[in-house]
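This report concerns only the one structure given below.
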Amino acid sequence: MTDWIARHPDLVFAVVKIVLCLFLLLTAVAYLTWFERKLIAHIQSRWGPHRVGPHGLLQPLADGLKNLFKEDIIPSGVTSRFVYLLAPFLAVSLSLLAVAVIPFGPESVEIWGARTGLYIADINIGLLFVLAVTSLGVYAVALAGWSSNSKYSLLGGLRSTAQMVSYEIALTLSVIGVLLLAGTLSLREIVEAQSGHWSGVVPRWFIFPQFVAFLCFFISGVAETNRAPFDLPEAETELVAGFHTEYSSMKFAMFFMAEYSHMIVTSLVASLLFFGGWLSPFPATEFWSITRYLPVVLAAALGGVLLLDVLRQRHWWHRVIMAAVGLGLLAVAGLLATQATLLALAQGPFWLLGKTAVFLFVFVWTRATLPRFRYDQLMAFGWKFLVPLAVLNIVVTSFLVAWRAG
Amino acid sequence: MAAETVLFFVFGGLAVLGALNLILQRHPIHSALSLILVMASLAVLYLLLGAEFIAAVQVIVYAGAIMVLFVFVIMLLNAGEEERTSMSRAARYVGLPVAGLLLAEVSYLLYRAWPADTVVEADRFLGRTGPIGRLLFTDFVLPFELTSVLILIAVLGAVVLAKKEL
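Sequences listed follow chains A and B, in order.
Each residue of the first sequence is one higher than the last, beginning at 1 in this note's numbering.
Each residue of the second sequence is one higher than the last, beginning at 1001 in this note's numbering.
This is the structure we're talking about:
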């Protein structure tokens, strides 16, 4: 067995990376629901979940268990049983698939003597792959709405299909400005094209020359995930729950998971395209090299805060959980501080995930702040404002690129 | 057998099965789904030939845009199952032999035109993004632009037909 592993290092690395990525993504999806409920609650001066575990930290587990053990109801009137069952699987698998081409770090890093990249697959058309997979996500919503054989589901599905098809155009057009500057479709090379600094201080991220494109991309990205203020497909005041009205238990949860992993993928792609992906914002000089210890400082500070929080917890098992998480974070900080290899390995993922977390915060923040669009406003905004803006950005960018090339 | 060959037979078979299912299904949505399966399998076949760009475009344009509109229209019209009718006498005695003859002719011509020893080689296939873009904007720039104008005219026509007062 060990012989076989030694002879196929690529295969072993690939399997390990796939398992690790899926595990991390699904955990992130679960805790994103906690993060969203907690953040919205605090924006609205409430506590949010706080019963299950310290600060409600075990709430995602409780929700998962609840969904697993709920009765799974298939309405007797479904138009097609096969399509009805296919839709949630399609939703969740397509939204998880996009993470396969996300690069979390530089092309090649050394792990225990072997070299590998911090991504599952580095393909030449990484960006097109992400766009293709997300464009297929429309089917899950459309088929769920159609097969439920309910007017609320059908209306939700129709609205959602029209919305996703419309905003996909603005999304794709807004990316072209970045492609013109980077000259490649590979996500890794797009990030590498953003390395370096203007006048030694400002990082060469595409957000500065492509600010308009970024606005277009992020707004259409929010619309693609069917979230507030673009959540017309599931407008609860008019459509009950939209396309997933007739779904119960785990099949409902799968649509939920699809939405949240779609949010994560959109945030990852936004940070890769416009914010330098895994690149550190600090210049690579001797003076700034101290910033490579930021992950250590952050993990240690968070661990310390959690250990202090132990004193505020009432239940003994809440104290145990908080102490365990705090000590775990301190241990991670210690490991990173002493092992130079691990510290180098953590740099890329640290910056990429940090930037992604900022976008996820913005996603939740907009949901807590903005009211829902009216349907005609939504369509007019997409077609008459975002699409022309993205086209204008392409024209200006290609003119500048041609002018600079002489 | 090499992995490529196995994948070719798996996805080639899926494409053929999907195409058969497309004709045999009675419900329009099931037919549309089978067509999507055919498109996706074709994309994998392009990928096996090394044509990454064409594979991605196949999925984005056909599966992601055109078929979405098909499904959308079927949903909007709430089309039900098709009636299955027995074949008419003309179809049975004239249609079937003629269809068979046409199939035989086409396969014979294809066989004559491409003998078995000339196959597309994966490495020399000009399916990568750069070469395709260069070809489109140099050798084929006129057909390319004419096609886009044609599509624009079709869009304008649809708008004029759909919107009564402009």
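C-beta atoms are modelled at their ideal positions from N, C-alpha and C, and glycine is treated no differently.
Chain A residues whose Cβ lies nearer than 7 angstroms to that of residue i
i: glutamate 1083 of chain B; result: The contacting residues do not exist; glutamate 1083 of chain B stays about 17 angstroms from chain A at best.
i: alanine 1056 of chain B; result: Ile125, Leu128, Phe129, Ala132
i: alanine 1063 of chain B; result: Leu136
i: valine 1023 of chain B; result: Checking the sequence shown, residue 1023 of chain B turns out to be isoleucine, not valine. Residues of chain A passing the Cβ test: none, with the nearest at roughly 18 angstroms.
i: valine 1149 of chain B; result: Under the 7 angstroms cutoff, chain A gives no residues; its nearest Cβ is about 17 angstroms from valine 1149 of chain B.
Residue i burial status per 10 Å Cβ neighbour count (16 or more: buried)
i: proline 49 of chain A; result: buried
i: alanine 301 of chain A; result: exposed
i: methionine 1087 of chain B; result: exposed
i: asparagine 226 of chain A; result: buried
i: alanine 346 of chain A; result: buried
i: tyrosine 1111 of chain B; result: exposed
i: threonine 134 of chain A; result: buried
i: aspartate 10 of chain A; result: exposed
i: phenylalanine 69 of chain A; result: exposed
i: tryptophan 317 of chain A; result: exposed
i: isoleucine 1066 of chain B; result: exposed
i: leucine 1069 of chain B; result: exposed
i: threonine 285 of chain A; result: exposed
i: threonine 341 of chain A; result: exposed
i: proline 388 of chain A; result: exposed
Same chain, Cβ closer than 7 angstroms to residue i, five either side skipped, listed in chain order
i: glutamate 36 of chain A; result: Val364
i: serine 1031 of chain B; result: Leu1022, Gln1025
i: serine 95 of chain A; result: Gly137, Ala258, Ser261, His262, Val265
i: leucine 154 of chain A; result: Gly145, Trp146
i: glutamate 1081 of chain B; result: Arg1026, His1027
i: aspartate 231 of chain A; result: Arg372
i: glycine 276 of chain A; result: Val191, Gln194, Pro203, Trp205
Nonlocal neighbours in the same chain, by C-beta distance under 6 angstroms from residue i, ignoring five residues either side
i: aspartate 1139 of chain B; result: none
i: tryptophan 34 of chain A; result: Gln59, Pro60
i: serine 267 of chain A; result: Thr356, Phe359, Leu360
i: aspartate 122 of chain A; result: Arg188
i: valine 1059 of chain B; result: Ala1043
i: leucine 1035 of chain B; result: Leu1022
i: alanine 213 of chain A; result: Ser174, Gly177, Asn393
i: valine 332 of chain A; result: Ala299
i: tyrosine 84 of chain A; result: Val78, Ser147
i: valine 407 of chain A; result: Any answer about residue 407 of chain A is impossible in this case: the structure gives chain A only from 1 up to 406.
Whole-Å CB distance - residue i paired with residue j, under 8 angstroms assumed
i: alanine 390 of chain A; j: serine 174 of chain A; result: 5 angstroms
i: leucine 1047 of chain B; j: alanine 1055 of chain B; result: 4 angstroms
i: glycine 158 of chain A; j: glycine 177 of chain A; result: Note on identity: in this sequence residue 158 of chain A is leucine, with glycine being the wrong assignment. At roughly 32 angstroms, the Cβ-Cβ gap does not stay under 8 angstroms, so leucine 158 of chain A and glycine 177 of chain A are not in contact.
i: valine 310 of chain A; j: glycine 334 of chain A; result: With 8 angstroms as the limit, valine 310 of chain A and glycine 334 of chain A do not qualify as a contact, their Cβ atoms being about 19 angstroms apart.
i: leucine 279 of chain A; j: glutamine 194 of chain A; result: 6 angstroms
i: leucine 1007 of chain B; j: leucine 1037 of chain B; result: So it is not a contact: roughly 16 angstroms between Cβ atoms.
i: proline 482 of chain A; j: proline 281 of chain A; result: The structure shown does not extend to residue 482 of chain A, since chain A spans only 1 to 406, so no value can be given for it.
i: valine 240 of chain A; j: tyrosine 152 of chain A; result: 5 angstroms
i: alanine 162 of chain A; j: alanine 87 of chain A; result: Not quite, the Cβ-Cβ distance comes to about 17 angstroms (not below 8 angstroms), so this is no contact.
i: isoleucine 321 of chain A; j: proline 54 of chain A; result: 6 angstroms
Per-residue contacts from residue i into chain B (C-beta, under 8 angstroms)
i: threonine 161 of chain A; result: Val1068, Val1071, Phe1072, Met1075
Interface residues of chain A facing residue i [CB-CB closer than 8 angstroms]
i: serine 1129 of chain B; result: Checking the displayed sequence, the identity of residue 1129 of chain B turns out to be threonine instead of serine. The contacting residues are Asn124, Ile125, Leu185.
i: isoleucine 1153 of chain B; result: Here the premise fails: no neighbours, minimum Cβ distance about 19 angstroms.
i: valine 1016 of chain B; result: Chain A residues near valine 1016 of chain B: none, gap ~20 angstroms exceeds 8 angstroms.
Where residue i meets chain B, residues with beta-carbon distance less than 9 angstroms
i: leucine 158 of chain A; result: Phe1072, Met1075, Leu1076
i: tryptophan 146 of chain A; result: Ile1029, Val1071, Ile1074, Met1075, Asn1078
i: leucine 142 of chain A; result: At residue 142 of chain A the sequence reads alanine, which differs from the leucine that was named. Residues of chain B passing the Cβ test: Val1068, Val1071, Phe1072, Met1075.
i: serine 80 of chain A; result: His1027, Ile1029, His1030
Neighbourhood of residue i by C-beta distance below 8 angstroms, restricted to the same chain and skipping five residues each side
i: phenylalanine 1137 of chain B; result: Phe1144
i: phenylalanine 89 of chain A; result: Met254
i: histidine 197 of chain A; result: Pro203, Arg204, Pro283
i: valine 165 of chain A; result: Val138
i: threonine 369 of chain A; result: Ile43
Where residue i meets chain A, residues with beta-carbon distance less than 9 angstroms
i: phenylalanine 1053 of chain B; result: Asn124, Ile125, Leu128, Leu185
i: isoleucine 1132 of chain B; result: What isoleucine 1132 of chain B touches in chain A: nothing, since even the nearest Cβ is about 11 angstroms away.
i: valine 999 of chain B; result: Missing from the structure shown is residue 999 of chain B; chain B here goes from 1001 to 1166 and no further.
i: valine 1160 of chain B; result: The contacting residues do not exist; valine 1160 of chain B stays about 17 angstroms from chain A at best.
Chain-ordered chain B contacts of residue i [CB-CB under 7 angstroms]
i: valine 83 of chain A; result: Ile1029
i: valine 391 of chain A; result: Near valine 391 of chain A there are no residues of chain B at all, since even the closest Cβ is about 14 angstroms away, more than 7 angstroms.
Partners in chain C for residue i, counting only beta-carbon separations shorter than 8 angstroms
i: valine 1044 of chain B; result: Protein chains in the displayed structure are A and B, and chain C is not among them.
3-residue-minimum beta strand (DSSP E) runs that sit fully inside the region 69-157 of chain A, ordered along the chain:
109-111, 114-116
Return the chain-ordered ranges of every alpha helix (DSSP H) run that is complete within the region 1061-1130 of chain B and spans a minimum of 4 residues.
Taking only runs of at least 4 residues, the alpha helix (DSSP H) segments lying wholly in the region 1061-1130 of chain B are 1067-1077, 1096-1113.
Where are the alpha helix (DSSP H) runs, 4 residues long or more, that stay fully inside the region 22-72 of chain A, in chain order?
Taking only runs of at least 4 residues, the alpha helix (DSSP H) segments lying wholly in the region 22-72 of chain A are 59-69.
In chain order, what are the residue ranges of uninterrupted alpha helix (DSSP H) at least 4 long that sit wholly in the region 305-369 of chain A?
316-338, 340-369
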